[in-house]
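Numbering (my numbering), first residue to last: 1 to 644.
Notes to accompany the following structure.
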């Protein structure tokens with residue numbers, strides 16, 4: 001039996017053992033999956049698998065087991081590879097069967113050649129996803145994941161003891177410079193391998209020698225390619241993009257899904273050299289050559305810049321909050337115990353969070369109530385094209401001069417796992433790329449600001465908006481924001497047509513007056529205090545909150561989004577009768593839209609108190625909150641009407 005570390009450090013040796021025992025029977029693939037699934041269930045074993053989110057690629061051993069929390073940014077065309085192939089020794093005619101699964105490069109020993117005409121060869125298919133770190137992932141998510149990952153903690157202190165490269169570590173920028181100029185790599189790498197997928201370039205000695213780059217070889221070719229765009233949806237994002245190669249059930253994953261994958265890390269330098277040679281020797285037709293080069297450059301980037309992960313296990317994540325169990329649907333005793341324990345102390349957590357947000361909103365407790373309801377809202381279903389459960393709040397009356405929204409966003413960023421602050425200005429509307437579009441030359445989906453994962457909090461700041469002219473791009477971007485808010489969808493641009501991608505994004509709009517964008521609920525801010533220094537005031541709020549309390553806030557907001565909710569027939573009947581009574585008193589003041597809004601407020605009000613069914617008490621409280629909110633808006637309209 002292999003030792004404990006083998007399945008982490010040398011997963012391919014485990015696969016080789018299972019393959020040798022069961023080949024050519026196809027059951028060997030299922031047994032590999034079952035083996036690693038069982039291993040990862042043992043004693044928090046997932047924490048011992050190094051994560052690409054936390055550990056730089058050059059600290060990790062090639063062909064070791066890694067994990068990656070990511071969003072599917074694009075899906076490439078399926079590719080064929082040699083699932084099983086046979087090598088032959090020309091001298092002795094000895095034949096050996098190999099597996100090509102979980103590999104980019106076909107390995108064979110000295111004096112061996114691949115027999116392409118072997119009857120034992122099996123051609124298989126795999127799907128490649130282009131994956132990026134979750135856009136807008138909060139720093140605290142990374143920090144807590146890092147603290148609970150002993151491998152990441154050790155790797156940040158010192159490189160892996162099981163793998164010592166013969167070169168000094170380079171930064172991502174230096175890696176990019178080396179990898180985007182293959183001539184530099186050819187000076188460094190002695191020896192070749194042969195690719196499992198695509199063309200076979202022959203099979204030679206698999207040992208590769210990697211030497212340090214000479215300091216004098218920094219000449220940039222006049223014909224060099226432009227820097228590789230890693231295609232992150234949001235500006236300023238960091239972390240590796242990966243080509244994730246999926247072998248089973250890839251049809252269950254789609255663009256924008258958030259996944260956690262466990263697989264074999266492939267950073268073979270031969271990939272960069274082979275791809276460079278393919279580009280150098282491609283078509284003689286200049287136009288065809290340009291298209292081919294651009295597509296190859298995007299689909300086969302340098303492995304050190306965009307590593308490959310050959311997936312053994314993958315799961316779609318309900319959330320990315322590291323303080324919660326990964327899956328809350330399973331009837332596991334640990335999960336049930338976690339939920340029940342937290343729900344027992346929900347009331348004081350809600351009270352503390354309400355107080356915290358009231359201070360953040362300058363003493364406005366009504367606005368704080370609505371902000372809690374907004375932060376736990378989620379699209380729970382769709383009726384035809386109508387998304388159910390969205391609760392976009394327009395917080396009007398926000399002070400402009402004190403950068404209030406900037407500071408409020410920083411507090412929200414400390415509470416939610418993923419967020420983005422969109423500063424709405426004529427400049428940003430006209431020059432930013434909001435909608436992803438298809439680049440047919442490179443055959444890839446070019447990302448946009450609105451390509452976000454589910455349950456991302458999008459804070460739109462209208463307070464900086466000034467008079468100006470929107471161009472065509474600006475109009476399209478504003479329309480896209482409106483569609484996102486109203487229909488919870490983004491229409492991706494495929495040049496010849498548009499394709500709807502449903503989403504689930506929490507949108508909070510801050511503005512001075514009523515927002516230009518649609519919203520489900522407008523709450524006018526009534527500050528009770530005006531701090532002389534807004535930055536100091538907001539910073540002191542965070543400093544005053546204990547880390548343990550802050551973590552409870554984070555669990556509270558993530559957990560309540562995942563709870564089921566229902567209304568009993570008895571309460572439904574009572575609500576209907578109540579609505580009829582309200583209509584009798586003043587038919588024009590209460591519409592069907594008002595009823596829908598009150599039911600929505602009642603839903604999230606109940607969930608915020610840990611109740612999964614609507615009670616009479618919560619319904620009355622929802623009516624009270626709505627009455628207060630409307631009265632405040634009417635008062636503000638009167639003030640504006642008198643120009644006060």
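Note that beta-carbon positions come from the ideal geometry of N, C-alpha and C, so glycine has one too.
* **Cβ shell of residue 397 (< 6 Å), same chain only, five flanking positions each side left out** => So the qualifying residues of the chain are 524, 525.
* Asked: Does the distance from the C-beta atom of residue 393 to that of residue 457 stay below 8 Å?
  -> Cβ atoms of residue 393 and residue 457: not closer than 8 Å.
* Asked: Mapping DSSP to helix, strand and coil, what is residue 407?
  -> Correct three-state label for residue 407: helix.
* Kindly indicate the opening and closing residues of the beta strand (DSSP E) around residue 421. => 419-423 is the extent of the beta strand (DSSP E) around residue 421.
* **Residues of its chain near residue 432, where Cβ-Cβ distance is below 7 Å and the 5 sequence neighbours each way are ignored** => The answer, listed in chain order, is 449, 477.
* Asked: Span of the beta strand (DSSP E) holding residue 314?
  -> Run containing residue 314: 308-316, per the beta strand (DSSP E) assignment.
* Asked: Is the distance from the Cβ of residue 622 to the Cβ of residue 602 below 8 Å?
  -> Yes, they are a contact pair.
* **contact_flag[the region 96-110, the region 8-26] where n(CB pairs < 8 Å) is 3 or more** => Judged by Cβ distances under 8 Å, the region 96-110 makes contact with the region 8-26, as three or more pairs qualify.
* Is the CB-CB distance between residue 419 and residue 136 below 8 Å? -> Yes, these two residues count as a Cβ contact at 8 Å.
* **Rounded C-alpha distance that separates residue 63 from residue 261** => A straight line joining the alpha-carbon of residue 63 with that of residue 261 spans about 15 Å.
* Asked: Can we say the region 310-324 touches the region 248-266, given the rule of at least three CB pairs closer than 8 Å?
  -> In short, these stretches touch, since the Cβ pair count reaches three.
* To do: Could you spell out where the alpha helix (DSSP H) holding residue 478 opens and where it closes?
  => Looking at the DSSP string, the run of the alpha helix (DSSP H) that includes residue 478 is 472-487.
* Counting only the same chain and skipping the five closest in sequence on each side, list residues whose C-beta sits under 7 Å from that of residue 404. => These residues qualify, in order along the chain: 398, 534.
* Asked: Quick one: Cα of residue 19 to Cα of residue 235, how far?
  -> Each residue's alpha carbon lies about 44 Å from the other.
* residue 545 to residue 528 span [Cα, whole Å] -> Whole-angstrom Cα-Cα distance: 21 Å.
* **Distance CB(residue 231)-CB(residue 447) smaller than 8 Å** => The answer is yes: Cβ separation under 8 Å.
* Nearest CA to the CA of residue 703: which residue from 465, 59, 268? -> Given a span of 1 to 644 for the chain in the structure shown, any question on residue 703 remains unanswerable.
* To do: Rounded to whole angstroms, what's the CA-CA distance from residue 531 to residue 565? Just pull it up for me.
  => Per the coordinates, the alpha-carbon of residue 531 lies some 40 Å from the alpha-carbon of residue 565.
* Would you call the region 366-375 and the region 534-543 in contact, with 3 or more CB pairs under 8 Å? -> Not touching, per the Cβ criterion.
* Classify residue 27 as buried or exposed, calling it buried when 16 or more other Cβ atoms lie within 10 Å of its own Cβ. => Classification for residue 27: exposed.
* For residue 130, does the count of other Cβ atoms within 10 angstroms reach 16, so buried, or fall short, so exposed? -> It is buried - the Cβ of residue 130 has at least 16 other Cβ atoms within 10 Å.
* To do: Confirm the yes/no value for this check: CB of residue 614, any heavy atom of the ligand SAH, distance under 7 Å.
  => Ligands displayed in this structure: none; no statement on the ligand SAH is therefore possible.
* **Residue of 562, 497, 504, 595 minimising C-alpha distance to residue 577** => Per the Cα distances, 595.
* To do: Using DSSP bridges, identify the partner residues of residue 67.
  => Within the DSSP bridge table, the entry for residue 67 names 51, 262 as partners.
* To do: Report the three-state DSSP secondary structure of residue 90 (helix, strand or coil).
  => The DSSP-derived three-state label of residue 90 is coil.
* Does DSSP classify residue 17 as helix, strand or coil? -> Helix.
* To do: Would you list the residues sitting across from residue 243 in a DSSP beta bridge?
  => Bridge partners of residue 243: 130, 308.
* Asked: Do you know how far the Cα of residue 366 is from the Cα of residue 356?
  -> Residue 356 and residue 366 have their alpha carbons spaced roughly 13 Å apart.
* In whole angstroms, what is the alpha-carbon distance linking residue 615 and residue 147? -> Each residue's alpha carbon lies about 41 Å from the other.
* To do: Determine the closest residue to residue 325 out of 555, 6, 440, with distance taken between C-alpha atoms.
  => Answer by Cα proximity: 555.
* To do: Would you kindly work out how many angstroms separate the C-alpha atoms of residue 59 and residue 598, rounded to a whole number?
  => Rounded to whole angstroms, residue 59 to residue 598 spans 54 Å at the Cα level.
* To do: Using 10 angstroms around the beta-carbon of residue 651, count the other beta-carbons present and answer buried if the total reaches 16, otherwise exposed.
  => Absent from the model: residue 651. The displayed extent of the chain is 1 to 644, so no value can be given.
* **Under 8 Å between C-beta atoms of residue 557 and residue 376** => For residue 557 and residue 376, yes; Cβs fall inside 8 Å.
* Enclosing alpha helix (DSSP H) for residue 543 [first to last residue] -> Where residue 543 is concerned, the enclosing alpha helix (DSSP H) stretches over 534-544.
* Asked: At which residues does the alpha helix (DSSP H) containing residue 33 begin and terminate?
  -> Counting along the chain, the alpha helix (DSSP H) containing residue 33 begins and ends at 27-41.
* Asked: In three-state terms, what does DSSP make of residue 61?
  -> Residue 61: coil per DSSP, three-state reduction.
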